[in-house]
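Peer 1: Here it is: the structure, laid out below.
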Amino acid sequence: MSATYKQICSIVDQWSDNLPFLADFPKKRRGVVDSTYLQFFMALTTLGFTEAEIETATGGLYHLVERRLDAIYRSGLVILKMDKDVLTQD
Numbered sequence: 001m002s003a004t005y006k007q008i009c010s011i012v013d014q015w016s017d018n019l020p021f022l023a024d025f026p027k028k029r030r031g032v033v034d035s036t037y038l039q040f041f042m043a044l045t046t047l048g049f050t051e052a053e054i055e056t057a058t059g060g061l062y063h064l065v066e067r068r069l070d071a072i073y074r075s076g077l078v079i080l081k082m083d084k085d086v087l088t089q090d
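Each residue of the sequence shown is one higher than the last, beginning at 1 in UniProt numbering.
Structural data, given as structure tokens:
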């Protein structure tokens, strides 16, 4: 993997780590994914990366963003369920 691709992946990973948990994600899923993808894509192109480099490095930025947001939502639900279970045990 070239240095450019590694740099793109590193940037996307860092940004993904800061994505919020949205409780209403299922209702607004398409809009949230579209908006997040556009923000990532515009920022990466502003940094000087080409569309081809971005798509190759990420294996498809849109689908990567979509998978990451889905994972954040599922993880958030698990955490909320664990917190509820802890509170009901006390």
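Backbone N, C-alpha and C define an ideal beta-carbon position, used for all residues, glycine too.
Would you verify that the beta carbon of R29 is, or is not, closer than 8 angstroms to some beta carbon of chain D?
Peer 2: The chain labelled as chain D is not found in the depicted structure, where only one protein chain is given.
Peer 1: Determine the DSSP secondary structure at L22, reduced to helix, strand or coil.
Peer 2: Residue 22 sits at position 22 when you count from the first residue of the sequence shown. Correct three-state label for L22: coil.
Peer 1: So, for V65: in the same chain, excluding its five sequence neighbours on each side, which residues have a beta-carbon less than 7 angstroms away from its beta-carbon?
Peer 2: By one-based count along the sequence shown, residue 65 stands at place 65. V33, T36, Y37, F40, listed in sequence order.
Peer 1: Measuring CB to CB, does E55 end up less than 8 angstroms from Y5?
Peer 2: Residue 55 sits at position 55 when you count from the first residue of the sequence shown. Residue 5 sits at position 5 when you count from the first residue of the sequence shown. Against a cut-off of 8 angstroms, the Cβ pair of Y5 and E55 comes out as no contact.
Peer 1: Does the beta-carbon of A23 have 16 or more other beta-carbons within 10 angstroms, so that it is buried, or is it exposed?
Peer 2: Position 23 of the sequence shown, counted from the start, is the residue given in the question as residue 23. It counts as exposed.
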